[in-house]
Amino acid sequence: MTGHKELKCKIYPFGTLDNLRFVVICTFYDGKYVLSYHRKHESWETQGGHIEDGESPYEAACRELYEESGITDTELIPVCDYNAIDSEGTSNGRVYAAQIRHLEELPQSEMSSVKVFDTLPDNLTYPLVTPVLFFESEKRLGC
138 MTGHKELKCK
148 IYPFGTLDNL
158 RFVVICTFYD
168 GKYVLSYHRK
178 HESWETQGGH
188 IEDGESPYEA
198 ACRELYEESG
208 ITDTELIPVC
218 DYNAIDSEGT
228 SNGRVYAAQI
238 RHLEELPQSE
248 MSSVKVFDTL
258 PDNLTYPLVT
268 PVLFFESEKR
278 LGC
């Protein structure tokens, strides 16, 4: 799945999809969005990525959140499952929300920075997916 700008998604209740490949963490700080800037894509995105062999979706979410933001001091809240669709096919994923208390130092990764936004920026890696997943996360958190 490589069509970042064309990628769309369909939402399902948390825990209903099988064959999960990805996790996404919609991160909030003081009611604002926390996004990471991807060096290669040159755009902003949620923290998340592939679920490794032998790893649970929750473990993958914790690992990806740290690798892509440095954040460790948080509780991950289950949000939903999703099916991502582009011209190459489909993949299933799981979404968690994180309400963080403070930003931490970003470790060396494919991300160059982490920033807090009042509103989602225009330059998103997944412009048709990120707003949908944040919307679902806000509903789950009662924002």
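My numbering applies: residue 138 is where the sequence shown begins, and numbers increase by one.
Don't be surprised by glycine CBs; every beta carbon is placed ideally from N, CA and C.
Y233 to T211 span [Cα, whole Å]: 11 Å
Residues near H187 by beta carbon distance below 7 Å, same chain, minus five either side: R158, F159
Residue interval of the beta strand (DSSP E) (run including S123): Because the chain here runs from 138 to 280, residue 123 falls outside it and cannot be looked at.
Other residues of its chain near V266: CB distance less than 6 Å, five sequence neighbours each side excluded: L144, C146
Inter-stretch contact (C-beta, 8 Å, three-pair minimum) for the segment 174 to 188 and the segment 200 to 219: yes
Cβ pair L278, F151 closer than 9 Å: no
Residues near I222 in its chain [Cβ-Cβ closer than 6 Å; skip 5 each side]: K145
Where R231 sits in the DSSP three-state scheme: strand
Where the alpha helix (DSSP H) through L301 begins and ends: Here the chain has residues from 138 to 280 only, and residue 301 is not among them.
For S250, the nearest candidate out of L172, L154, N156 (CA to CA): L172
Distance between E241 and M248 (C-alpha atoms, nearest Å): 14 Å
L278 - DSSP class collapsed to helix/strand/coil: helix
Straight-line Cα distance separating H178 from E192: 26 Å
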